[in-house]
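Since the structure comes first, as structure tokens, the remarks are kept for the end.
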Amino acid sequence: MNSGKIKQNEFIVKFCGLGGMGVILTSIILGKAALYDNKNAVQTQSYGPEQRGSIVTSDVIISDEDLISFPIDQKLDFLVAFSQDAYNSYKQKVKKKGSIFINSDLVKINSGYTNIFQIPASSIAQELNNVKVVNLVVLGSLIKITNLVSKESVIKAITNSFIPRFVDLNISAFNKGHGYL
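So the number in the numbering used here is just where the residue sits in the sequence shown, counting from 1, plus 15.
Spelled out as structure tokens, the structure:
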């Protein structure tokens, strides 16, 4: 059994928001992309009994090691917050040198963190005429800044996660977010 102590080449990403925001799907896409890049990944999720409106979280640990530190008992490397309540609940769990990515259309920052990336993801999604792609806009910015996985692997994961008629829209949203920062 692993000790749960994070290794230097492991990164913990927490996605959080409200039910219906694509929190879990986003983490699954990131986990798949890590596997496509020949890394190891583990993904967990937590949500309330309601289908929409309760806080949803999903963690992804990405590692170059064969054994991944799990369960998570360490501070987060990256927090991705899609809603204010989720941000308020998890911002204190980020490492001092960690980074926070927010949908600045819905989340207002009120902390002293210096590594906060504000993406107007709802506005960008509206430009694409589909508010359901907010999650992929923010994912694009996360990947651009962190290089956790390759852009090509995320696009492959998106392609393999949606039915064909939604693939282009979701790749466009990811690319918009990737190009934003």
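Every residue gets a Cβ at the ideal spot worked out from N, C-alpha and C, and that includes glycine.
Contact between Gly-37 and Asn-150 is confirmed by a C-beta separation of about 4 Å, below the 8 Å threshold.
Within its own chain, the residues whose Cβ lies closer than 7 Å to the Cβ of Lys-166, once the five positions on either side in sequence are excluded, are Ile-158 and His-193, listed in chain order. A direct Cα-Cα distance of roughly 21 Å separates Lys-111 from Ile-134.
Between the alpha carbons of Lys-54 and Asp-79 lies a distance of about 5 Å. Ranking Gln-107, Ser-119 and Leu-45 by CA distance to the CA of Ile-139 puts Ser-119 first. In the same chain as Tyr-105, and ignoring 5 residues on each side of it, the C-beta atoms closer than 8 Å to its own belong to Lys-29, Cys-31, Thr-72, Leu-91, Leu-94 and Ala-96, in chain order. Per the C-alpha coordinates, the member of Tyr-51, Asp-74 and Asp-52 positioned closest to Tyr-62 is Asp-74.
For Asn-118, the pairing in a beta bridge is given by DSSP as Ile-134. Here the alpha carbon of Ile-27 sits roughly 32 Å from the alpha carbon of Asn-144. Annotation: Ile-44 to Gly-127 spans about 30 Å, alpha carbon to alpha carbon. The Cβ atoms of Ala-48 and Ser-137 do not sit closer than 8 Å to each other. Counted as a single uninterrupted DSSP element, the beta strand (DSSP E) harbouring Ser-61 occupies residues 55-62. Following the DSSP letters along the chain, one finds Leu-157 inside the alpha helix (DSSP H) bounded by residues 149-161. When the alpha-carbon of Ala-188 is set against those of Lys-171, Asn-130 and Gly-155, the nearest one is in Gly-155. Secondary-structure assignment with DSSP links Lys-47 through no beta bridge to anything.
Contact annotation, Ile-170 with Ile-186: C-beta distance approximately 6 Å; criterion of less than 8 Å satisfied. Asp-52 and Gln-58 have their C-alpha atoms spaced approximately 16 Å apart.
Between Ile-76 and Ala-101 the beta-carbon gap is near 19 Å, outside 8 Å, which marks them as no contact.
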